[in-house]
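The next block holds one structure in the form of structure tokens; read it before the comments.
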Amino acid sequence: MAGVKRASVVIPTWNGAHHLRTCLHSLEAQSERSFETILVDGGSTDGTCELLESEFPDIARSAIWLPFNRGFAAAVNAGIRSSTANNIVLLNNDTEAEPDWLAELLKAFDADERIGLVTSKVMLFDNRAALHTTGDQVLKNGNASNRGAWEVDLGQYDALTDVFGASGAAMAARRALFEDIGLFEEAFESYMEDVDLAWRARLRGWRCVYVPRAVVYHRLSATGGGSYASYRVARNRIWVIARNMPRGLLRRHAPEILCAQANHMIAALRSWRGAEARATLRGLVVGMLTWPLMLPARRSIQGRRSVSDETVEALLTQ
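Just add 1075 to the spot in the sequence shown (first one is 1) and you have our numbering.
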């Protein structure tokens, strides 16, 4: 149909005006031109609105202005709800995309209609020889990590391959996937919401593909990090397990899961004088006390699961 774009690029931002020029200029340079840009602002007070109105008026007119910052999940959900394309692309405000980034992401969907998520090769902004992530991996003990993090890029991740999940910093998803499994869980606020989404997608049989030629440079935790991140990562990691790990795998890997959480607590206790360590401890305690609140969502997620325990376990890393 005439006028329909191939992709909707959703950019959440909060007090990130000093990064937006780089991000938005890199979108202007994309070889793929059939896309709309939806910027979602979480109540910035740093001149973001004035910057957009003066330098990017088209984006300013289509932007979503939330009254306050409710976190990554709520911001991107607002963007997804207002998007029009069948492919939804998420991009952090503190990134710079290579010119063929979007084209390469979208090309991956053509291979298989069951590919629901596509993830980028994300490099460090200030050290462009080093990797930040080539997709999310989940261990049998419930921990999640960035595949290839901090490694020097020597071509070891240059093959297009299936991975467990897509990094929310620079990823694409079919609209059909969101219609099937729902949007990001807003209770998470920020951090681990992309891992939760990947779990739900995988439990429904969707594939996630890493595309090495879709390259983005990322300034780490430029609009987050610190104690804010430490608390939410610790809490949300427990919530992800409570919501998503099938009962059979919970029983099979209970010792590993409990040991991993104990190790997180021991490491935080050893560094308890630091603000981030104390935030981690708070997050662990809150996660352990509140995981029963995840049970209604768990019943829904597990009730709609379409793959076996064996299929799920094969996706996990030792």
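A virtual CB, placed ideally from N, CA and C, is assigned to each residue, including glycine.
Computed from a prediction, not measured in an experiment: that's the story for all the values here.
Cβ-Cβ distances below 7 angstroms link Ala1204 to Val1227 and Asp1228 in the same chain, with the five nearest sequence neighbours on each side left out; the list follows chain order. Residue state for Val1227 is assigned as strand, using DSSP reduced to three classes. Secondary structure of Pro1330 (DSSP, three-state): helix. Nearest to Arg1108 by C-alpha distance, out of Pro1174, Ile1332, Val1360 and Ala1343, is Pro1174. Under the criterion of beta carbons closer than 8 angstroms, Asn1090 and Ser1119 qualify as touching, at roughly 5 angstroms. A residue is called buried when at least 16 other Cβ atoms come within 10 angstroms of its Cβ; Gln1231 does not meet this threshold and is exposed.
In this structure, Gly1191 and Leu1252 form a Cβ contact; the two beta carbons are roughly 4 angstroms apart against a cut-off of 8 angstroms. With respect to the C-alpha of Tyr1266, the residue from Gly1243, Thr1123 and Phe1143 having the closest C-alpha is Gly1243. Secondary-structure assignment with DSSP links Trp1140 through a beta bridge to Asp1116. At a Cβ-Cβ threshold of 9 angstroms, Ala1183 and Val1290 do not count as neighbours. Taken through DSSP and simplified to helix, strand or coil, Ala1304 comes out as helix. Straight-line measurement puts the Cα of Asp1233 at about 26 angstroms from the Cα of Glu1103. The three-state secondary structure of Val1079, taken from DSSP, is coil.
Between Leu1390 and Arg1277 a beta carbon distance of about 6 angstroms is seen, short of the 8 angstroms cut, so the two are scored as contacting. The shortest C-alpha to C-alpha distance from Ala1135 to any of Ser1195, Leu1114 and Val1360 is the one to Leu1114.
Less than 9 angstroms separates the beta-carbon of Trp1314 from that of Asp1271. Setting aside the 5 residues that flank it on each side, Gly1210 is surrounded in the same chain by Thr1194, Arg1222, Val1238 and Tyr1285, each with a C-beta closer than 6 angstroms to its C-beta; the list follows chain order. Scanning the stretch 1315-1386 from its first residue to its last, the whole alpha helix (DSSP H) runs of 4-plus residues come out as 1322-1345, 1350-1365 and 1370-1378.
Of the candidates Asn1218, Glu1171, Val1084 and Gly1117, Asn1218 places its Cα closest to the Cα of His1328.
Around the beta carbon of Asp1116, 16 or more other beta carbons lie within 10 angstroms, which makes this residue buried. Distance from the CA atom of Arg1250 to the CA atom of Met1198, rounded to whole angstroms, is 26 angstroms.
Around Thr1159, the same chain offers Val1079, Lys1080, Ser1083 and Glu1111 as residues with beta carbons nearer than 8 angstroms, after the five sequence neighbours per side are excluded. Beta-bridge partners of Lys1196 (DSSP): Val1290. In the displayed model, Asp1237 falls within a strand according to three-state DSSP.
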